[in-house]
Amino acid sequence: MTILITGSAGFIGYHVTRKILNKNIKVIGIDNINNYYDINLKKNRIKDLKKNKKFFFYKVDLSNYKKLNNIVKNEKIKIIIHLAAQAGVRYSIKNPRTYFKSNLEGFFNVLEISRHNNIKHLIYASTSSVYGDSKKFPLSEINRTDNPLSFYAATKKSNEVMAHSYSYIYKLPCTGVRFFTVYGPFGRPDMALFKFTKNILNNQPIELYNKGNHFRDFTYVDDIVEGIYSLIKKQSKKSIPYEIFNIGNGTPKKLLDYLKHIENNLNKISKTKKLPLQVGDIVKTHSNINKLKKYTGYKPKTNIKIGISRFIEWYKDYYRRN
Ligand SMILES: NC(=O)c1ccc[n+]([C@@H]2O[C@H](COP(=O)([O-])OP(=O)(O)OC[C@H]3O[C@@H](n4cnc5c(N)ncnc54)[C@H](O)[C@@H]3O)[C@@H](O)[C@H]2O)c1
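Structure representation (structure tokens):
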């Protein structure tokens with residue numbers, strides 16, 4: 032078996048790839064290594080993955096249908112884990128076209144390649160942002176998701192409905208996974224944990240949108256990885272082979288409390304700049320993870336205290352060496 036992982040130079044893609052390689056399965060990784068954030072982080076993730084002889088990497092953009100299709104055909108891929116996307120809610124306010132290109136056109140190519148190569152399971156990343164400002168907590172897969180608050184969320188919701196049509200028409204087994212605020216080592220520099228840690232260590236103020244009163248269902252990356260891994264061989268057997276799952280922790284935390292844990296770990300108090308709620312931002316997320324629990328036995332294992340300490344340990348070590 033060989034698995035194609037798109038976005039393997041990305042935060043979650045890197046961790047998923049590592050897990051699968053550790054299971055002795057060959058992985059083909061693709062990524063365009065764009066400069067949305069420091070490309071050295073992406074290059075170093077790939078460098079690390081390449082230590083494993085079962086990992087092969089191609090620098091390719093999702094818009095390059097021909098090259099992607101050749102990779103899938105030549106490598107006889109039957110399972111695709113699609114994580115490449117333009118991520119980030121705030122960036123989508125100023126740069127919607129980037130999301131259109133990577134998340135809509137790019138996703139369409141992934142669907143087309145999947146149908147032409149008889150893919151047995153396409154697992155793709157969606158997001159808790161599809162729940163918009165739904166107040167039916169905990170957020171469950173049966174909640175309505177047709178009022179996205181950002182264009183990023185709109186593209187991810189579109190992926191879910193595009194996938195449904197391919198599952199129905201071409202019987203393509205598709206599983207969408209809605210991640211809830213993922214954090215952990217080798218994380219993204221545009222996300223809270225990274226920014227807070229960096230600024231506190233550099234004596235810079237940190238920006239707290241909504242004055243830090245957000246609630247987020249912070250989910251440690253290893254739990255996300257376990258959730259994805261548990262699904263690989265469990266494609267839906269329904270007449271329309273289509274499923275959607277939340278992958279979260281299930282215990283939302285206030286951003287200010289999350290910050291406290293970071294300060295405690297660094298043994299340093301932050302300087303904060305309190306800002307109003309940003310347009311497109313959701314005030315609270317809280318996942319209902321019962322569906323995945325029943326389906327695969329998923330059980331998140333890492334609380335924020337441990338998760339944050341693992342991130343900070345990685346951060347200090349990484350920036351000592353790089
Ligand atoms: N991190 C989170 O909290 C979170 C939450 C919900 C959903 N997600 C989703 O999970 C997936 C992975 O997110 P991440 O946090 O690892 O982000 P990331 O930005 O670190 O990883 C995405 C990778 O995709 C690559 N990429 C982007 N556009 C591409 C294109 N057109 N062609 C080829 N490669 C391209 C990027 O270079 C990057 O390496 C994304 O689909 C994201 O939307 C993430």
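Per our numbering, the very first residue in the sequence shown carries number 32; after that it's consecutive.
Virtual Cβ for every residue (Gly too), placed ideally from N, Cα, C.
By DSSP's criteria, residue i is part of a beta bridge. Which residues make up the other side?
i	result
S318	L170
E274	T206
L290	Partner(s): none; L290 has no beta bridge.
I112	I36, I154
D62	K90
T212	T212 pairs with nothing; no bridge assigned.
T250	V213
K57	T33
K12	This structure leaves residue 12 out entirely; the chain is present only between 32 and 353.
Going by C-alpha to C-alpha distance, which of the options sits closest to residue i?
i	options	result
Y155	E172, S123, N140, C205	C205
D288	Y45, V161, L239	L239
I77	N66, D92, I61, Y68	I61
G119	S301, I271, A184, I102	A184
E136	S145, L114, G38, T186	T186
N244	W345, V252, V314, N95	V314
L224	S301, E274, N178, S198	S301
N298	N65, L286, S340, P331	S340
Y162	N174, P331, L203, K151	N174
M32	A40, V47, I56, N63	I56
L114	G41, N277, S171, N71	G41
P220	S196, R209, I343, F211	I343
G328	N233, K265, L286	K265
K202	S189, H147, K188	H147
L290	K167, L99, R247	R247
E294	L232, T37, N63	L232
I59	N71, N75, D79, F87	F87
K305	K242, L99, Y67	K242
K284	Y96, E274, F211	F211
K82	F249, T48, Y96, N71	T48
F217	I36, K54, D69, N65	D69
S267	G207, V256, T316	G207
I255	K90, T176, I278	I278
Which stretch, first to last residue, makes up the beta strand (DSSP E) that contains residue i?
i	result
S157	152-158
K305	303-305
I need the boundaries of the alpha helix (DSSP H) containing residue i, first residue and last residue.
i	result
L239	Run containing L239: none in the alpha helix (DSSP H); it sits in the beta strand (DSSP E), 237-239.
E192	This sequence places Val at residue 192; Glu is not what is there. Start and end: 182-201.
R49	42-53
G338	335-352
L224	223-232
Under 8 Å, Cβ to Cβ, is there at least one residue of chain B near residue i?
i	result
F87	Considering every chain present, this structure includes no chain B. It has just one protein chain.
Review point. Fully enclosed by the stretch 71-95, which beta strand (DSSP E) runs are 3 residues long or longer?
Key: 86-90
Review point. Which ranges would you report for the alpha helix (DSSP H) in the stretch 99-147 if only whole runs of at least 4 residues count?
Key: 122-125, 127-130, 137-147
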